[in-house]
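Let me begin by presenting the structure, written as structure tokens, before commenting on it.
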Amino acid sequence: MPAKLAYAQWPWGVETKEQFVASCKELSSLGYKYFESVKNFINTFQNDRQGFKSIIDEYDLRPISFYFHFSGDNAEDLKELKSKIDFVSYFGIKTICVQGVYKAGKTEKSDDATLKSVLSLVNEYGRICKDHGILPSVHPHANTAIMFEDEVDFIMQNTDPALVGFAPDTAHLKVGKCDPVAICERYKDRISFTHIKDVKGTLTSTGMQEGVEVYSDFLELGTGDVDLDGVFKVLKSVNYGGYLCVELDKAPASNIESARKNLDYMKKHWGADI
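If you read the sequence shown in UniProt numbering, its first letter stands for residue 1, the second for the next number, and so on.
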């Protein structure tokens, strides 16, 4: 099965139906067929599945993942998963991304207690999701418990491949001082989802010092230092047939313009059949 191109919907906003419609209208106009959103967006349509379905049907788009952030309260995170998983499953979604607990301005490896707590939660997500035919996929992220190479290795090497997949983010791996190509090669057989993003290797001071402001350093594909072609080579070596989800949190001009440029890049560097 060939890989499929998707786009992250959250830059348009995830709080109102109007924001969702705007994202669908623009992505559909460019030819995108798939999108990912965040867990909080489910709240907007939790009690209106038909309303959600009518919008995606109108624009011929399909959700392919929701992104779950860990809060540091495992019990609350499990409660939230259980409250949202029926919505995810209803729309035939087979993968969700999971992100470790946030820590602003992180510069050192997470302590053992934090890593073990995150590992426990990831494994529990895997067990719960299995009953719904969903594979939670670990997403390394700057300023979180799963950021640096040792942390990625710890989580991946202590999870069951049948219950937990890997969702590398090419830019966040770079920010975490990892080699995206090497990490993807190491876990190529467990990659179940991808975030395709670019970033400069030398970040601005705000990026690492102000936590989530690292988003300001992410770039349109091909304008940063990430070896995206190297990542694509690894994915193609295992006949990756999942989603290539392009993401840009803050567009330099407009979301639709960046989505257009990123689409052109993917067609040129992955292949016109994407």
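Heads up, the beta-carbon is just placed ideally off N, CA and C, and yes, glycines get one too. Quantities reported herein were computed from a predicted structural model and do not represent experimental measurements.
Neighbourhood of residue i by C-beta distance below 8 Å, restricted to the same chain and skipping five residues each side
i	result
V118	F70, G100, V101, S110, A145, I146 and I155
For residue i, the three-state DSSP class (helix, strand or coil)
i	result
D225	coil
Q99	strand
I146	coil
G165	strand
E36	strand
L30	helix
H269	helix
I155	helix
Y90	helix
S254	coil
Q19	helix
P136	strand
I85	helix
Same chain, Cβ closer than 7 Å to residue i, five either side skipped, listed in chain order
i	result
K94	G133, I134 and L135
Q46	F87
N255	P11, W12 and E26
Q19	W12 and G13
N40	V14
L173	P140, P180 and I183
Distance between residue j and residue i (C-alpha atoms, nearest Å)
i	j	result
P2	K261	22 Å
C129	K268	36 Å
Q9	F148	26 Å
V21	D77	28 Å
L27	D179	31 Å
V122	F68	11 Å
A113	P11	33 Å
V231	N239	13 Å
D227	D169	12 Å
H141	I42	22 Å
V246	L30	14 Å
S216	V199	10 Å
T223	I196	13 Å
E151	C24	35 Å
A182	F66	26 Å
S54	E108	46 Å
E36	F166	16 Å
K116	N158	10 Å
G241	C97	17 Å
F193	L244	7 Å
K236	D225	21 Å
I191	A162	12 Å
Q50	D57	10 Å
K177	K17	38 Å
V38	Y187	24 Å
Limits of the unbroken beta strand (DSSP E) element including residue i
i	result
A3	Counting along the chain, A3 falls outside any beta strand (DSSP E), and DSSP gives it neither H nor E.
T194	T194 to I196
L173	L173 -> not in any beta strand (DSSP E); alpha helix (DSSP H) instead, spanning T170 to V175.
P11	It is not in any beta strand (DSSP E) - P11 carries neither H nor E in the DSSP assignment.
Sequence-distant residues of its chain with Cβ nearer than 6 Å to residue i (five each side left out)
i	result
N258	The residue asked about is misnamed: residue 258 is Ser in this sequence, not Asn. Result list for S258: E220, L248 and A251, in chain order.
S89	H132
C184	P168, V231 and V234
Residue i: first and last residue of the uninterrupted alpha helix (DSSP H) it sits in
i	result
V246	Counting along the chain, V246 falls outside any alpha helix (DSSP H), though it belongs to the beta strand (DSSP E) covering Y243 to V246.
L115	D112 to K130
F68	From DSSP, F68 is part of no alpha helix (DSSP H) but of the beta strand (DSSP E) over R62 to H69.
K53	R49 to E58
T107	Counting along the chain, T107 falls outside any alpha helix (DSSP H), and DSSP gives it neither H nor E.
V181	P180 to R186
N239	Where N239 is concerned, there is no enclosing alpha helix (DSSP H), given that its DSSP letter is neither H nor E.
F45	I42 to F45
Supposed contact pair residue j and residue i - C-beta distance, whole angstroms, cut 8 Å
i	j	result
K33	R62	7 Å
N138	V164	In the sequence as presented, Asn is not what sits at residue 138; that position holds Val. At roughly 6 Å, the Cβ-Cβ gap stays under 8 Å, so V138 and V164 are in contact.
G126	D160	7 Å
F218	A171	5 Å
Residue i Cβ short of 8 Å to the ligand NAD heavy atom set
i	result
S216	Absence of the ligand NAD is noted for the structure shown, with no ligands found whatsoever.
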